[in-house]
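Top line first, the protein sequences correspond to chains A and B. Note that the numbering used here has the first sequence beginning at 31, numbered continuously upward. Note that the numbering used here has the second sequence beginning at 31, numbered continuously upward. Encoded as structure tokens, the structure appears first; notes follow it.
Number of protein chains: 2
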Amino acid sequence: MNPVATPSLSTRERILDAAEHLFAQHGFAGTSMRQLTAAAGVNLAAVNYHFGSKDKLIAEVFQRRLDTMYQARLAALKRALATTPPQLEDVLRAFVEPALDLIHDGGSAFLRVMAHAYAETNEPLWRFLSERYGHVLREFGLALAQCLPDADRDTLHLRLDFLAGALTYAMSDLGLPRGADRAATREDQMRYQRIADELIVFSAAGFRAAFLPKPR
Amino acid sequence: MNPVATPSLSTRERILDAAEHLFAQHGFAGTSMRQLTAAAGVNLAAVNYHFGSKDKLIAEVFQRRLDTMYQARLAALKRALATTPPQLEDVLRAFVEPALDLIHDGGSAFLRVMAHAYAETNEPLWRFLSERYGHVLREFGLALAQCLPDADRDTLHLRLDFLAGALTYAMSDLGLPRGADRAATREDQMRYQRIADELIVFSAAGFRAAFLPKPR
DNA sequence: GTCTATAAAGTGATAGAC
DNA sequence: GTCTATCACTTTATAGAC
Numbered sequence: 031m032n033p034v035a036t037p038s039l040s041t042r043e044r045i046l047d048a049a050e051h052l053f054a055q056h057g058f059a060g061t062s063m064r065q066l067t068a069a070a071g072v073n074l075a076a077v078n079y080h081f082g083s084k085d086k087l088i089a090e091v092f093q094r095r096l097d098t099m100y101q102a103r104l105a106a107l108k109r110a111l112a113t114t115p116p117q118l119e120d121v122l123r124a125f126v127e128p129a130l131d132l133i134h135d136g137g138s139a140f141l142r143v144m145a146h147a148y149a150e151t152n153e154p155l156w157r158f159l160s161e162r163y164g165h166v167l168r169e170f171g172l173a174l175a176q177c178l179p180d181a182d183r184d185t186l187h188l189r190l191d192f193l194a195g196a197l198t199y200a201m202s203d204l205g206l207p208r209g210a211d212r213a214a215t216r217e218d219q220m221r222y223q224r225i226a227d228e229l230i231v232f233s234a235a236g237f238r239a240a241f242l243p244k245p246r
Numbered sequence: 031m032n033p034v035a036t037p038s039l040s041t042r043e044r045i046l047d048a049a050e051h052l053f054a055q056h057g058f059a060g061t062s063m064r065q066l067t068a069a070a071g072v073n074l075a076a077v078n079y080h081f082g083s084k085d086k087l088i089a090e091v092f093q094r095r096l097d098t099m100y101q102a103r104l105a106a107l108k109r110a111l112a113t114t115p116p117q118l119e120d121v122l123r124a125f126v127e128p129a130l131d132l133i134h135d136g137g138s139a140f141l142r143v144m145a146h147a148y149a150e151t152n153e154p155l156w157r158f159l160s161e162r163y164g165h166v167l168r169e170f171g172l173a174l175a176q177c178l179p180d181a182d183r184d185t186l187h188l189r190l191d192f193l194a195g196a197l198t199y200a201m202s203d204l205g206l207p208r209g210a211d212r213a214a215t216r217e218d219q220m221r222y223q224r225i226a227d228e229l230i231v232f233s234a235a236g237f238r239a240a241f242l243p244k245p246r
């Protein structure tokens, strides 16, 4: 149906784009190099030439998007922390909106790739993600503690997990039946913006909920 | 490390248990019949004899847990609707706690299997889930509308998606590095109970949050 | 109901020509 | 940097003995 991706991009980029879309739909193990190179319109051997192996290609698919996304999260968090005390909604927006920005960059499928990563037990991948981006999550934890001084650390961490789950799940819901070369439509963007706004309202209320008595 | 599962179970059940744990860790495509039958301590040909094919085995892994879980959700929802107006927390608990019950049945890995299903684009599987359990989700939608008469349907549906995402993600976080034959420990159960309680508090506040003006 | 053996196709990776 | 051809394996599934 859509065998060849935009030919104006470099071979390397076409492989990454095709990989992102196929990984989103079928997972890592469920996507073969043959499918992938056919969809990208490149030769089978090109993946190993440009990336070395399938595993290294997977890591590159993550790094390409997450470097940008976590940098944006950190920058937005810094801006939110400029006001004292920081506003909870601003901190949450700093977490959520960079995920939204993926859509403008043609990376709408990537959130579903993240969902696959969450579902899997892939030690090397998890260590890679944790080492490279863990400090940003820790900074969000500190910022949330500033917004909600009554909260204990465990509960805040749990609530941040709820937010991450809701974000990944609700956002990857969309943007699926699309070829590797099609940009997000205006409607897609509005729908995603709506989800982001609703998620901030929903989670802000959740974060402000009364804290349960510490167990034990 | 743990090649043979409990031998007191029938071949069929040992296959299902091994499949559930391996699917949880590596997904469907990432789990081979050879791995699976070796872990279950049964012959390679046994899967095809008992289930017909790998795909039918996958469907059976879902059906075994979801039939119980959705029946429990529906029963708990009925109880919550006995009081008028129904209490939001009761409705949310009816949705969340049956997932928790999986742990007592040794199905703690199953929530991660669900996470894989969400991440994937598997048309037949989605149709199966939607046809078999969709009506329960619609009943939850109606119940939530009774609890929150000011809400519009779209927003409620979105917030229910947030809850489902947070539930799947936060609950599948745990219960992983366990052999197919080990039961959940008392600590596991307490930790899961804590997550469930916190999730109900968090999402109840989220559901009660002010509703954004309708877009457009 | 369980086994062995094997068919038929697909897998990631690479050597070597151009 | 791109290609073809191919290696060495693994995959699901099944035929047929016991």
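Cβ coordinates follow ideal geometry from the N, Cα and C atoms, glycine included.
Could you name the residues of the same chain whose beta carbon sits closer than 7 Å to that of residue i, not counting the 5 residues immediately before and after it, in chain order?
i	result
B:Val15	The structure shown has nothing for residue 15 of chain B, since chain B only spans 31 to 246.
B:Ala35	Reliability fails at B:Ala35, whose pLDDT of 49 lies under 50, so the model's placement of it is uncertain and no value is given.
A:Glu119	Ile230 and Ala234
A:Thr198	Leu141, Met144, Ala145 and Tyr148
Comparing alpha-carbon positions, which option in the options lies nearest residue i?
i	options	result
B:Asp203	B:Pro243, B:Leu141, B:Leu188 and B:Gly164	B:Leu141
A:Asn152	B:His187, B:Gln55 and B:Leu66	B:Gln55
B:Leu186	B:Ala175, B:Asp135, B:Pro243 and B:Glu169	B:Ala175
A:Leu122	A:Tyr222, A:Ala181, A:Tyr199 and A:Gly171	A:Gly171
B:Asp184	B:Pro154, B:His134, B:Leu242 and B:Tyr148	B:Leu242
B:Thr114	B:Lys84, B:Val91, B:Pro179 and B:Leu87	B:Pro179
B:Arg109	B:Leu132, B:Leu130, B:Ala173 and B:Arg42	B:Ala173
A:Arg157	A:Thr98, A:Phe92 and A:Ala112	A:Phe92
A:Ala139	A:Arg216, A:Ala239, A:Met201 and A:Gly236	A:Met201
A:Leu87	A:Arg42, A:Leu107, A:Pro116 and A:Asn73	A:Arg42
B:Ala181	B:Ala239, B:Arg221, B:Arg168 and B:Phe125	B:Ala239
B:Leu159	B:Asp97, B:Asp191 and B:Gly136	B:Asp97
A:Glu169	A:Pro154, A:Glu217, A:Tyr222 and A:Ala124	A:Ala124
B:Gly136	B:Ser38, B:Ala214, B:Arg224 and B:Lys244	B:Ala214
A:Glu50	A:Ser38, A:Leu66, A:Ser40 and A:Gly236	A:Leu66
B:Pro128	B:Gly60, B:Ala76 and B:Gln223	B:Gln223
B:Phe24	B:Ser83, B:Lys244, B:Asp191 and B:Arg216	No answer is possible for residue 24 of chain B: it lies beyond the span of chain B, which begins at 31 and ends at 246.
Contact criterion: CB-CB distance below 8 Å. Does residue i meet it with respect to chain A?
i	result
B:Tyr199	yes
B:Phe7	The structure shown has nothing for residue 7 of chain B, since chain B only spans 31 to 246.
B:Asp131	no
B:Gly100	Strictly speaking, residue 100 of chain B in this sequence is Tyr, with Gly absent from that position. Not an interface residue.
B:Gln55	yes
B:Leu242	yes
B:Glu228	yes
B:Ala194	yes
B:Thr215	no
B:Leu180	Before going further, note that residue 180 of chain B is Asp rather than Leu in the sequence given. Answer no: the Cβ-Cβ gap between B:Asp180 and chain A never drops below 8 Å.
B:Arg123	no
B:Leu118	no
B:Asp47	no
For the putative contact between residue i and residue j, defined by C-beta atoms under 8 Å, what is the C-beta separation to the nearest angstrom?
i	j	result
B:His146	B:Phe58	7 Å
B:Glu228	A:Leu188	5 Å
B:Leu132	B:Arg95	6 Å
A:Ala149	B:Ala149	5 Å
B:Phe81	B:Val143	Not quite, the Cβ-Cβ distance comes to about 16 Å (not below 8 Å), so this is no contact.
A:Leu130	A:Ala226	5 Å
Could you have a look at residue i and say whether DSSP puts it in helix, strand or coil?
i	result
B:Ala139	coil
A:Ser233	helix
A:Ala226	helix
A:Asn152	coil
B:Pro116	coil
A:Ala124	helix
A:Lys244	coil
A:Thr215	coil
A:Asp131	helix
B:Asn78	helix
A:Ala111	The residue asked about is misnamed: residue 111 of chain A is Leu in this sequence, not Ala. Correct three-state label for A:Leu111: coil.
A:Phe58	coil
B:Ala181	coil
B:Leu167	helix
B:Asp203	coil
Compare the C-beta of residue i with all C-beta atoms of chain B and state if any pair is closer than 8 Å.
i	result
A:Ile225	yes
A:Tyr148	yes
A:Gly236	yes
A:Ala68	no
A:Gly60	yes
A:Thr114	no
A:Glu50	no
A:Arg94	no
A:Asp203	yes
A:Arg142	yes
A:Thr41	no
Could you name the residues of the same chain whose beta carbon sits closer than 8 Å to that of residue i, not counting the 5 residues immediately before and after it, in chain order?
i	result
B:Gln219	Ile133 and His134
B:Arg64	Leu74
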